[in-house]
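In the UniProt record's numbering, the protein residues as written are 1 to 466.
The beta carbon of each residue, even a glycine, is placed where N, CA and C say it ideally should be.
These notes concern the structure reproduced below.
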């Protein structure tokens, strides 16, 4: 966040004179809306991993409620002054993102001097300091993040934001000049608020898995907590309020972390503007393009007849929705996370002509299919199971991982040298360091996949990647 250092309110309710004005206003607002903050925690910039954070004043037991916030204090279209018009004309606001009503409410509340939410929203005077890659220059993205998938994701975001603003948001605002002014509520502000929602909003889980996901909402105080994969607090939802609860004992002076889910570093950077330092993110992943597996199979196919058979196999896999031209196979630190799709792909590509004809005749069904197929796929494509795969399966995986590694600007060893050299690491800017965390997390997984699918003569997996 963009404000200066802050101090907590004293336990007697008074405020330290060194508390920055924005934070002090926010804490007073919390009292007014009956947000109940435990006396065992405080907000601070010092001792946190990034700007604002929450720390323990004393030892905290598991299950302790760190704070609770009534639902009336949550910021979403239903609590904004724009509620009536947004509800009456909600059919005009439908979009692929589903965020338009919240973003319109935020634009109004953020720029309204008399907004009920002003003490909360004033904590972010400049959303660009969230430092999402969408605020980086194109050159920075393409240089620092080449091969990671982030530049492509950002390009898609920016295109969708512009289209959504032009086709949906702007016409709606022009029809309600009493609430919005395009001269003030610009595309630039809209894009900045998209980053704000990406980084700080919450989605309440749906009770029914078949229901559409709930729209995002802003949860004051909950968004003050930083994230790590090994978190110590979790947000709970009740009909009356939302509660942040300690999920394990927390020591005095320890920072209190929420979780944004099982999120890889490239996703953290794309969605939230930060990374966990390499190699601490246990949820890191690397994508292998599905087309890279097809390319590997093409190179291993010796003649035209086999090439034509491969084309038929790939078409069959596409028709079964197993693969797609822009699809990816995802690998985590313990192996494939898309094991069902990858297992079927390798299986079909490796079929003989006769086996594949039988497969086609059965329209993708096999006589020996059973309920254990998924568990077999998961075991076979774990990093423990991959060394035992059939040689032709391993060759495909090895080549596909190699194609993926060539997409980066630098090789793994170059990035590792920077990470292992304190002076070189110290020279990196914060964007360069975050990009390095992303690249190393992905490359280390890909290199491990390569080494597990190669012959025993190849050098062992680097210790850092085990």
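Residues 309 of the same chain have their beta carbon placed closer than 7 Å to that of residue 353, with the five preceding and five following residues left out of the count. A direct Cα-to-Cα measurement between residue 73 and residue 205 gives close to 19 Å. Unbroken alpha helix (DSSP H) runs of no fewer than 4 residues, entirely contained in the region 246 to 306, are found at 265 to 272 and 290 to 299, following chain order. For the region 325 to 366, the continuous beta strand (DSSP E) assignments of 3+ residues that do not extend past its boundaries occur at 328 to 332, in sequence order. If only uninterrupted alpha helix (DSSP H) runs of at least 4 residues are considered, those enclosed by the region 35 to 115 are 83 to 88 and 100 to 111. When beta bridges are read from the DSSP output, residue 243 appears opposite 68 and 236. Between the alpha carbons of residue 124 and residue 193 lies a gap of roughly 10 Å. Sorting 430, 439 and 453 by C-alpha distance to the C-alpha of residue 136 places 430 at the top. For residue 195, the uninterrupted alpha helix (DSSP H) run begins and ends at 187 to 200, by DSSP. By the Cβ rule, the region 405 to 421 counts as touching the region 145 to 165, because three or more pairs are nearer than 8 Å. Minimum Cα-Cα distance from residue 132 among the listed residues 117, 118, 157 and 122 corresponds to 157. Of 253, 163 and 98, the smallest CA-CA separation from residue 45 is found for 253.
Taking C-beta atoms as the reference points, residue 386 and residue 446 fail to come closer than 7 Å.
If you draw a 10 Å sphere on the C-beta of residue 281, you find 16 or more other C-beta atoms in it, and that means buried. 419 is the residue among 170, 259, 419 and 180 whose C-alpha sits nearest the C-alpha of residue 441.
The Cβ-Cβ distance between residue 198 and residue 222 does not fall below 7 Å. Within the model, the alpha-carbon separation for residue 55 versus residue 251 is close to 9 Å. Within the DSSP secondary-structure output, residue 24 pairs in no beta bridge. Under the three-state reduction of DSSP, residue 382 is assigned to strand. When the five nearest sequence neighbours on each side are left out, the beta carbons in the same chain lying within less than 6 Å of the beta carbon of residue 340 are those of 374 and 377, in order along the chain. Under the three-state reduction of DSSP output, residue 226 falls in the strand class. When DSSP reads this structure, residue 217 sits in a beta bridge with 202. In the DSSP assignment, residue 207 falls outside any alpha helix (DSSP H) and carries neither an H nor an E. Measuring C-alpha to C-alpha distances from residue 380 to each of 342, 50 and 400 identifies 342 as the nearest. Within the region 148 to 180, the runs of alpha helix (DSSP H) that reach at least 4 residues and sit entirely inside it are, in chain order, 150 to 164 and 170 to 174. In this structure, DSSP gives residue 318 a helical state, which the three-state scheme calls helix.
Of the residues assessed, residue 22 falls on the buried side of the cut-off, its CB having 16 or more other CB atoms within 10 angstroms.
Less than 7 Å divides the Cβ of residue 232 from the Cβ of residue 248. Nearest C-alpha to residue 288 among 298, 336 and 260: 336.
Collapsing the DSSP output to three states places residue 423 in a helix.
C-alpha of residue 228 to C-alpha of residue 130: approximately 17 Å in a straight line.
The residue from 220, 259, 202 and 81 with its alpha-carbon nearest to that of residue 70 is 220. In this structure the region 313 to 323 does not lie against the region 420 to 427, because fewer than three pairs of beta carbons, one per stretch, are closer than 8 Å. For residue 438, the uninterrupted alpha helix (DSSP H) run begins and ends at 430 to 452, by DSSP.
With 16 or more other CB atoms across the displayed protein chains lying within 10 angstroms of its CB, residue 273 is buried. With respect to residue 95, residue 168 sits close: the two C-beta atoms are nearer than 7 Å.
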